[in-house]
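Peer 1: This is the structure I have questions about; it appears just below.
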Amino acid sequence: KQEVTQIPAALSVPEGENLVLNCSFTDSAIYNLQWFRQDPGKGLTSLLLIQSSQREQTSGRLNASLDKSSGRSTLYIAASQPGDSATYLCAVINQAGTALIFGKGTTLSVSS
Amino acid sequence: ETGVTQSPTHLIKTRGQQVTLRCSSQSGHNTVSWYQQALGQGPQFIFQYYREEENGRGNFPPRFSGLQFPNYSSELNVNALELDDSALYLCASSLDSTRHSPLHFGNGTRLTVT
């Protein structure tokens, strides 16, 4: 059974810092991995999707990497801003290719 | 381009009642998925509909049921509500298989069961 773990559960940093969020999964047979952002009480916003054949994806200040063999992904945020404060969730596709399996998320707080 | 919209935004029900939640998928998307997110947890997959047929289901009891309509909008129905059903219910749409297409989520319906 696929399980997704995110470390740390919470993170507080001052504005301007570069930071890394970690995601690990137990079954390396994934189709893709997706990172999401969730603001309090809101839905999820897709940040980056990495196909299983890819090693990384970049969007602006965000860079996500994927190492299938070790069951790990990282989300790198450069030059953090207070507006980056949110919960970040990673998710992998199940074997049937129909459902995302989510971690519990990392709650990020960036202070000005 | 219209995003995923869900209604209502908030709902309070009593244990034992039934509830229907609605979702309009993003324009051009033919696949709709529903997720339940309890407080402090990641979303849990309920089921997925592709072109009006259920094509995947998570570990939820039969009292959770759904529909997808010809315009690809969708409903989630929950019968015999229990206190543990209190959660944020998220609808997501995608173009074809979730394997290749990113999911686009709505803002959810906050259901409280008392």
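Chains as they are written, first to last, in our numbering: chain A, 103 to 214; chain B, 327 to 440.
Glycine is no exception: its CB is placed at the ideal position from the N, C-alpha and C atoms.
Everything numeric in this text was worked out from a predicted model, so none of it was measured.
1) Using the Cα positions of residue 408/B and residue 138/A, report the straight-line distance between them to the nearest angstrom.
2) Could you tell me the alpha carbon to alpha carbon distance between residue 132/A and residue 176/A, rounded to whole angstroms?
3) Looking at C-alpha atoms only, which residue of 173/A, 184/A, 159/A is the closest neighbour of residue 129/A?
4) Give the DSSP-derived three-state secondary structure of residue 184/A in the structure shown.
5) Per the contact definition of three or more C-beta pairs closer than 8 Å, is the stretch 332-351 of chain B in contact with the stretch 420-439 of chain B?
6) Just checking: is the beta-carbon of residue 382/B within a distance shorter than 8 Å of some beta-carbon in chain A?
7) By DSSP, does residue 48/A sit in helix, in strand, or in coil?
8) Checking 8 Å against the spacing of the C-beta atoms, do residue 349/B and residue 399/B come in under that value?
9) Ordered along the chain, which non-local residues of its own chain (more than five positions away) have a Cβ less than 7 Å from that of residue 110/A?
10) Taking only beta-carbon atoms, is residue 362/B less than 8 Å away from chain A?
11) Report all residues from its chain with a CB closer than 8 Å to the CB of residue 170/A; omit the five preceding and five following residues, and keep chain order.
Peer 2: In this structure, then:
1) 29 Å
2) The alpha-carbon atoms of residue 132/A and residue 176/A are separated by roughly 16 Å.
3) For residue 129/A, the closest of 173/A, 184/A, 159/A by C-alpha to C-alpha distance is 173/A.
4) helix
5) yes
6) yes
7) The structure shown has nothing for residue 48/A, since chain A only spans 103 to 214.
8) yes
9) Answer for residue 110/A: 208, listed in chain order.
10) Not closer than 8 Å to any Cβ of chain A, the Cβ of residue 362/B fails to qualify, so no.
11) 130, 132, 154
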